[in-house]
Amino acid sequence: MRNSTRVNGLTVIDMDAVADEYYGTKFANGSDRNTIARHYLDGIIWVMNYYEAGMPDWLWCYPHLFGPFIRDLADAAPAFKPRRFDHNEPVDPMLQLMMVLPPSDQREMVPPVLHMMNNPEHKKYFPDRVEIDMSGKKKDWEGIPIVPFVSITDFCRFYTARKKMIPIADARRNIRGKTFVYTAGTCSSL
97 MRNSTRVNGL
107 TVIDMDAVAD
117 EYYGTKFANG
127 SDRNTIARHY
137 LDGIIWVMNY
147 YEAGMPDWLW
157 CYPHLFGPFI
167 RDLADAAPAF
177 KPRRFDHNEP
187 VDPMLQLMMV
197 LPPSDQREMV
207 PPVLHMMNNP
217 EHKKYFPDRV
227 EIDMSGKKKD
237 WEGIPIVPFV
247 SITDFCRFYT
257 ARKKMIPIAD
267 ARRNIRGKTF
277 VYTAGTCSSL
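Numbering of the sequence shown is given in the working numbering, commencing with residue 97 and proceeding in unit increments.
In structure tokens, the structure reads:
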């Protein structure tokens, strides 16, 4: 095993070397471990808020594809100050779809919006092929897709300019509706 030695019949792993290799291959050069850990802790707070109180920020995202080592989270936690999320309005359904749909599902988009997906200037957001990082994974579904981060500014500017061109029949699909909560009924025969 790389980054390990045998001592008295035991395998001793050099965790500093493992961490250096991990951060060197999974993050951009110069990424600070403490900053990555703080971003991850922000993500945990975002998820907790989402489930406890609703969407804390419609535009925030964890800015990395991979998480930090647990020891780096532990190092960052004592000085961690949770970020204040911007309580903003939800984005339109078509804008959100445009930011998450792969090119193979373009048929779900309406022509005025579809233009961005086919525009060479924005091709970087819609790759034809996506690498899947299978490091330490056994099943395909465990892999991490290596996809580009979306520039919400680019998407909003493009979308806003074309929103008025969406046909009325399609525009009805682009509104936020009511939220429904379904619960299972009780069954007295059990």
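From the three backbone atoms N, C-alpha and C, an ideal C-beta is built for every residue, glycine too.
With DSSP as the reference, identify every bridge partner of residue i, one or two as the case may be.
| i | result |
| --- | --- |
| residue 106 | 103 |
Thinking residue i and residue j are a contact (beta carbons under 8 Å), I'd like their distance in whole angstroms, please.
| i | j | result |
| --- | --- | --- |
| residue 266 | residue 206 | 4 Å |
| residue 154 | residue 185 | 7 Å |
| residue 289 | residue 190 | Look at the range of the chain in this structure, 97 to 286, and you will see that residue 289 is not part of it. |
| residue 202 | residue 212 | About 10 Å separates the two Cβ atoms, so there is no contact after all. |
| residue 122 | residue 162 | 4 Å |
Is the CB-CB distance between residue i and residue j below 8 Å?
| i | j | result |
| --- | --- | --- |
| residue 137 | residue 113 | no |
| residue 124 | residue 164 | no |
| residue 181 | residue 152 | yes |
| residue 209 | residue 194 | yes |
| residue 239 | residue 248 | no |
Comparing the C-beta of residue i with each C-beta of chain B, is any distance below 8 Å?
| i | result |
| --- | --- |
| residue 120 | Reference to chain B is not applicable here, since this structure consists of a single protein chain. |
In chain order, what are the residue ranges of uninterrupted alpha helix (DSSP H) at least 4 long that sit wholly in the segment 178 to 263? 189 to 196, 207 to 214, 248 to 259
The segment 223 to 235 in contact with the segment 267 to 280 per 3-pair CB rule at 8 Å: no
Three or more C-beta pairs under 8 Å: does that hold for the segment 232 to 245 against the segment 253 to 267? no
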